[in-house]
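Reviewing the structure listed below.
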Amino acid sequence: MTKGKWLQFILDRMIWLILILVVIFFTIRIGGKFLSGTTLINVLLHASVLGVLTIGQTICLLSGNFDLSAEGIVSLLTVLAAWLMLPYREMTLAQAGGIGWELSPYIVIPLMLVLGTFIGWINGILITRLRMNNFIVTLAMQLFLRGIAYVISLGAIMPGTPKDFNWLGGGRIGAIPVSVIFTLILFLVFEFFVRYARFGRELYAVGANRDAARASGFNPEKTVTQAYMIGGFMAALAAWMLLGRLEVSVPTLGQGMTLETVASAVIGGVALSGGSGSIMGAFSGVLLLSVVDTGLNMMEVDPFWITGVRGLIILVALLLEVQKSRIRVDMLAGRAKSPVVRS
Amino acid sequence: METLSSNVILEMKGISKAFPGVQALNNVDLTVLEGEIHGLVGKNGAGKSTLMAILMGLHSLDSGELIINGRLITNVTPREALEAGIAYVPQQVRMMDSLTVAENILAGNLPVNRFGLVDWEAAFKDAEERLHRLGLELDVRQRVEGLGVVEQTMLAIAKALFSNARLIILDEPTAALARADIERLFGFIRSLKNMGVAFIYISHHLEEVFEICDRVTVLRNGQQVGTYEVKDLDIPHLIRLMVGEEIRDYERQSTCQDEVVLEVRGLTRRGHYEDVSFTVRKGEVVGLSGLAGSGAAALGRALFGLERRGVGEVWLKGKPFTAKSPREALDKGLAYLPQDRYRFGLVGIRPVRENITYTILHQLLNALRFVSFRKENEVVQKYIEALEIVCTSPEQRVGLLSGGNQQKVIFAKLAATRPSVLILHEPTQGIDVRAKLDIYRIVDELASQGIGVLIISSEVRELLGVCDRILVMYKGRISAEFRSGEPQTTPENILLAIEGGNAHDQRQVAAVYS
Chain U
1 MTKGKWLQFI
11 LDRMIWLILI
21 LVVIFFTIRI
31 GGKFLSGTTL
41 INVLLHASVL
51 GVLTIGQTIC
61 LLSGNFDLSA
71 EGIVSLLTVL
81 AAWLMLPYRE
91 MTLAQAGGIG
101 WELSPYIVIP
111 LMLVLGTFIG
121 WINGILITRL
131 RMNNFIVTLA
141 MQLFLRGIAY
151 VISLGAIMPG
161 TPKDFNWLGG
171 GRIGAIPVSV
181 IFTLILFLVF
191 EFFVRYARFG
201 RELYAVGANR
211 DAARASGFNP
221 EKTVTQAYMI
231 GGFMAALAAW
241 MLLGRLEVSV
251 PTLGQGMTLE
261 TVASAVIGGV
271 ALSGGSGSIM
281 GAFSGVLLLS
291 VVDTGLNMME
301 VDPFWITGVR
311 GLIILVALLL
321 EVQKSRIRVD
331 MLAGRAKSPV
341 VRS
Chain L
1001 METLSSNVIL
1011 EMKGISKAFP
1021 GVQALNNVDL
1031 TVLEGEIHGL
1041 VGKNGAGKST
1051 LMAILMGLHS
1061 LDSGELIING
1071 RLITNVTPRE
1081 ALEAGIAYVP
1091 QQVRMMDSLT
1101 VAENILAGNL
1111 PVNRFGLVDW
1121 EAAFKDAEER
1131 LHRLGLELDV
1141 RQRVEGLGVV
1151 EQTMLAIAKA
1161 LFSNARLIIL
1171 DEPTAALARA
1181 DIERLFGFIR
1191 SLKNMGVAFI
1201 YISHHLEEVF
1211 EICDRVTVLR
1221 NGQQVGTYEV
1231 KDLDIPHLIR
1241 LMVGEEIRDY
1251 ERQSTCQDEV
1261 VLEVRGLTRR
1271 GHYEDVSFTV
1281 RKGEVVGLSG
1291 LAGSGAAALG
1301 RALFGLERRG
1311 VGEVWLKGKP
1321 FTAKSPREAL
1331 DKGLAYLPQD
1341 RYRFGLVGIR
1351 PVRENITYTI
1361 LHQLLNALRF
1371 VSFRKENEVV
1381 QKYIEALEIV
1391 CTSPEQRVGL
1401 LSGGNQQKVI
1411 FAKLAATRPS
1421 VLILHEPTQG
1431 IDVRAKLDIY
1441 RIVDELASQG
1451 IGVLIISSEV
1461 RELLGVCDRI
1471 LVMYKGRISA
1481 EFRSGEPQTT
1491 PENILLAIEG
1501 GNAHDQRQVA
1511 AVYS
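Protein chains in written order, with our numbering: chain U, 1 to 343; chain L, 1001 to 1514.
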């Protein structure tokens, strides 16, 4: 039995093991430079916006639903925020200013957060009350929001966001970016929240078995809607962070990040079927993707290859996940290849 | 007997089959003749399904012989069974619903024209002719999902015949049918019988067995009681054969008090139940039994807020009671153990600990509104010990426990809410004998704490052992009531009432026993 427990222990932490192996690989190929503080910061910086979005995605996945709308929210809110904050300017060379209201960041930031949460609520209502398919609803929402972003910006970029806005994405405390610290704190807070708060229990129960959750006195519709509201809120935070780092709004911001968030969660052991996985697991997935991206960049690998490698990593992660459950089942049924007494 | 002289299609001789811990079948014989409708009856767990599974090649047999059309087959595979002409038509027919009747009939053999495209006119004509030969008139252009249940069943039978079936196993074909549809189905079956097709007819509705079958084989606890000509039997006699001389395996002391905790008055939901009235007292255990579709199951779900309840009054502890959701029902003091524990009872991939406390999380929060592990563990430990839940630790996934222990986890979850009324729906289904006794003990214990318990079950013997009173529902109405300890409270009488037997039949039973 202890043997089984050991195997279980290692299987549950497989992703961290792989992360270590990947780091060793890059250290050998690139040299000590890969282990420097700068690289670490680069990795974490890379992981910050993706990480914040992945938290939201993970919470939706735990509830048994996809949220494909998050990158649409990022796209709309970055454009909207720049448009509301920047002074008016005629469009030149595909660059433009805002509407000219020059709203304070301290009005715009809360507005973004409220709007993101509200969009999440709409997703939730469409999915739970109107019983529409979560995949299609959030995909359509992504397209719709990105469309509005194009309409507002006319496809132009809007550079020069105010300093009071940029501190989250671009600020540093000493050598450490504020966004890195903020993201790490968010992961810890949400890990704690999902693990210990009543909402977390509901989330896992609803995601794993909606009917049983209802019969146990939970309200699955409410829980799923709340998960989407958190997803929308996190997307708004990510938008704030991203715009603050770039100091320029581009309507294509966030494009392609949805799949990265799903991939990170899956690599980190979050089940697409819902009810299984953890926030810290998803964090390990984010880290793995970031380490690989950063490492391959430092090796000056062709960027097209980087995309391919990511695809491979996701496949391998899924393969491991399937093998893991198979090994578990085998252990239970006494079918393990290790010598087990058979009747 | 003219039927006995006809050809034997199937002979099963001395069939035995054991599963770990259970002798499912012991030396069972079954002979089916050409053009015969052969009833197969027995209570749940008597071995009907196992016997049929062996015939269809789904289970291997431990010993015995299987002779199909005079050919001895030692260990039949599903493919061989099909080729030998044995077909199974389940209660819920599965077909390609969104395709037309013709496509379902012709399946992989749709006629094609010279361009390699389907020749629809020829296909429809072919399908129509085939059905016509069986005397079945259906619109072959219609999608199967548009057919009624009885038409789907008849189509499934026809389809089996087109693939050369000679013996068709009908498993509870009438469970979801109205009387007029049953007549139609029976007419169709009789006309096929006259063409020489043989049927094995499995049903809990004994009156139907008398209506349609020629002979009937009775199983009890994996043993064959016998095979009888239906005309030599009557319903009470058949029930006696099914029940046998049983000893009660559980006896309890009544803890019934005077105070009424649940009162249902004139509850009606069309198509489910009508004018249902009953009471459950504090500490009382009331059984509610009936055939599938009798309304007993729907009543339980409706009281818990899982389905619409319809019109009528429900009083809980003297106050009017309504529940739009399970949460509301639990908060007001009514808890419900669902029949399908995998779907409604448990979150299988989550730990035992979480499953026990789902219903009472709001009571376990600390000042910061987080779940207090100390409080939670106290509750979990208390119930694991009290109900003797066997698990490696509270962190074990509940889906990995045995059926009995899973059921105990659900009991723990419900008991933790301290309900006034507990409704149990088939609480011992699919769990082993020892665990059943544990469950009865738990029910007993909860009743002695003053909880009013309503057990919805088709296990008459179980109800007799554990209940103070047994109510029987038939076609949506409460049709009979049996009190523990009274002379007419016998398994035979209760089964008879469940079957919808009238007073005349009951007198017959009384005559049998006097």
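We treat Cβ as the ideally placed atom computed from N, Cα and C, and that holds for glycine.
Query raised in the report: Thinking just about the alpha-carbon of each residue, which of 50(U), 31(U), 25(U), 170(U) is nearest to the one in residue 186(U)?
Result: Per the Cα distances, 50(U).
Query raised in the report: How big is the Cα-Cα spacing for residue 206(U) and residue 38(U)?
Result: Here the C-alpha atom of residue 206(U) lies approximately 42 angstroms from the C-alpha atom of residue 38(U).
Query raised in the report: How is the beta strand (DSSP E) around residue 1029(L) delimited, first residue to last?
Result: Unbroken beta strand (DSSP E) run through residue 1029(L): 1022 to 1033.
**Report entry** Minimum length 4: unbroken alpha helix (DSSP H) runs contained in the region 1446 to 1501 of chain L
**Finding:** As far as the region 1446 to 1501 of chain L is concerned, its whole alpha helix (DSSP H) runs of at least 4 residues are 1460 to 1466, 1491 to 1498.
**Report entry** Unbroken beta strand (DSSP E) run spanning residue 1425(L), endpoints
**Finding:** That run of the beta strand (DSSP E) goes 1421 to 1425.
Query raised in the report: What does residue 1038(L) pair with, by DSSP beta-bridge criteria?
Result: Assignment of beta-bridge partners to residue 1038(L) by DSSP yields 1200(L), 1215(L).
Requested in this report: Identify the continuous alpha helix (DSSP H) that holds residue 29(U) and give its terminal residues.
Outcome: Residues 14 to 30.
Query - Nonlocal neighbours in the same chain, by C-beta distance under 8 angstroms from residue 1286(L), ignoring five residues either side - result: Taken in chain order, the residues that qualify are 1278, 1280, 1452, 1453, 1454, 1455, 1467, 1468, 1469, 1470, 1471.
Query raised in the report: Under three-state DSSP, which class holds residue 1149(L)?
Result: Reduced to three states, the DSSP call for residue 1149(L) is helix.
Query raised in the report: In angstroms, rounded to a whole number, what distance separates the CA positions of residue 1247(L) and residue 1440(L)?
Result: Legend: pLDDT at residue 1247(L) = 46, less than 50; position of this residue unreliable, value from coordinates given subsequently. Cα atoms of residue 1247(L) and residue 1440(L): separation of roughly 16 angstroms, rounded to the nearest angstrom.
Query raised in the report: Comparing the CB of residue 1330(L) with every heavy atom of the ligand MG, is any distance shorter than 7 angstroms?
Result: Although the ligand MG was asked about, the structure shown includes no ligands whatsoever.
Requested in this report: Starting from residue 1358(L), find everything on chain B with Cβ-Cβ shorter than 9 angstroms and list it in chain order.
Outcome: No chain B appears in this structure, whose protein chains are U and L.
Query - Span of the alpha helix (DSSP H), counted from its first residue to its last, around residue 1260(L) - result: Residue 1260(L) -> not in any alpha helix (DSSP H); beta strand (DSSP E) instead, spanning 1260 to 1269.
Query raised in the report: Between the C-alpha atoms of residue 1012(L) and residue 1026(L), what's the straight-line distance to the nearest angstrom?
Result: Roughly 12 angstroms between the two C-alpha positions.
**Report entry** Proximity test, Cβ basis, 8 angstroms: residue 1321(L) and chain U
**Finding:** It does not; no Cβ of chain U falls within 8 angstroms.
Query - Bridge partners - residue 1227(L), DSSP secondary structure assignment - result: 1217(L).
Requested in this report: Spell out a yes or no on whether the region 75 to 86 of chain U and the region 121 to 140 of chain U are touching, meaning 3 or more CB-CB pairs, one atom from each, closer than 8 angstroms.
Outcome: Output reads no: the region 121 to 140 of chain U does not touch the region 75 to 86 of chain U.
**Report entry** residue 241(U) and residue 169(U) closer than 8 angstroms at C-beta
**Finding:** Between residue 241(U) and residue 169(U), the C-beta gap is smaller than 8 angstroms, which places the two residues in contact.
Query raised in the report: Can you round the beta-carbon distance between residue 1323(L) and residue 1295(L) to whole angstroms, since I take them to be within the 8 angstroms contact cut?
Result: For a cut-off of 8 angstroms, the C-beta gap from residue 1323(L) to residue 1295(L) is around 18 angstroms, too long to register as a contact.
Requested in this report: Output, in chain order, the set of chain L residues within a Cβ distance shorter than 7 angstroms of residue 37(U).
Outcome: Within chain L, no residue comes near residue 37(U); the closest Cβ sits about 35 angstroms away, beyond 7 angstroms.
Report task. Would you verify that the beta carbon of residue 1455(L) is, or is not, closer than 8 angstroms to some beta carbon of chain U? Result -> When Cβ-Cβ separations below 8 angstroms define contact, residue 1455(L) makes no contact with chain U.
**Report entry** Every unbroken beta strand (DSSP E) within the region 1047 to 1100 of chain L, with a cutoff of 3 residues, ordered by chain
**Finding:** Restricting attention to beta strand (DSSP E) runs no shorter than 3 residues, the region 1047 to 1100 of chain L encloses them at 1063 to 1068, 1071 to 1073, 1086 to 1089, ordered along the chain.
**Report entry** In DSSP terms, what residue 1017(L) is bridged to
**Finding:** Answer is 1025(L).
**Report entry** DSSP state of residue 250(U) mapped onto helix, strand, coil
**Finding:** Looking at residue 250(U) - three-state DSSP - the assignment turns out to be coil, as it is neither helix nor strand.
**Report entry** Span separating the alpha-carbon of residue 1255(L) from that of residue 1226(L)
**Finding:** Our two residues, residue 1255(L) and residue 1226(L), have alpha carbons roughly 41 angstroms apart in a direct line.
Query raised in the report: Curious, which full-length beta strand (DSSP E) runs of at least 3 residues does the region 1095 to 1178 of chain L contain?
Result: Listed in chain order, the complete beta strand (DSSP E) runs (minimum 3 residues) inside the region 1095 to 1178 of chain L are 1167 to 1171.
**Report entry** Residues from the region 38 to 68 of chain U in contact with chain L, defined by Cβ distance under 7 angstroms
**Finding:** The region 38 to 68 of chain U vs chain L, Cβ under 7 angstroms: nothing.
Query raised in the report: How about residue 1101(L) and residue 1144(L): do their beta carbons lie closer than 8 angstroms?
Result: Taking 8 angstroms as the Cβ cut-off, residue 1101(L) and residue 1144(L) qualify as a contacting pair.
**Report entry** Which of helix, strand or coil DSSP assigns to residue 101(U)
**Finding:** In the three-state DSSP reduction, residue 101(U) falls in the coil class, being neither helix nor strand.
Query raised in the report: Cβ of residue 1361(L) within 8 angstroms of Cβ of residue 1414(L)?
Result: Result no, Cβ atoms of residue 1361(L) and residue 1414(L) do not sit closer than 8 angstroms.
Query raised in the report: What's the call for residue 1406(L), buried or exposed, on a 16-neighbour Cβ count within 10 Å?
Result: Flag for residue 1406(L) reads buried.
Query raised in the report: If we count the other Cβ atoms within 10 Å of its Cβ and call it buried at 16 or more, is residue 304(U) buried or exposed?
Result: Answer is exposed; the Cβ neighbour count stays below 16.
**Report entry** Delimiting residues of the alpha helix (DSSP H) encompassing residue 193(U)
**Finding:** That run of the alpha helix (DSSP H) goes 178 to 196.
Query raised in the report: Run through DSSP, which three-state label would residue 129(U) get?
Result: In the structure shown, residue 129(U) sits in coil (DSSP, three-state: anything other than H, G, I, E or B).
Query raised in the report: If contact means a Cβ-Cβ distance below 7 angstroms, which residues of the region 262 to 296 of chain U contact chain L?
Result: The region 262 to 296 of chain U vs chain L, Cβ under 7 angstroms: 275, 276.
Report task. Taking a Cβ distance cut-off of 7 angstroms, strictly less, list which residues of the region 1370 to 1383 of chain L are near chain U, in chain order. Result -> Contacts with chain U (Cβ-Cβ distance below 7 angstroms) from the region 1370 to 1383 of chain L involve 1370, 1371, listed in chain order.
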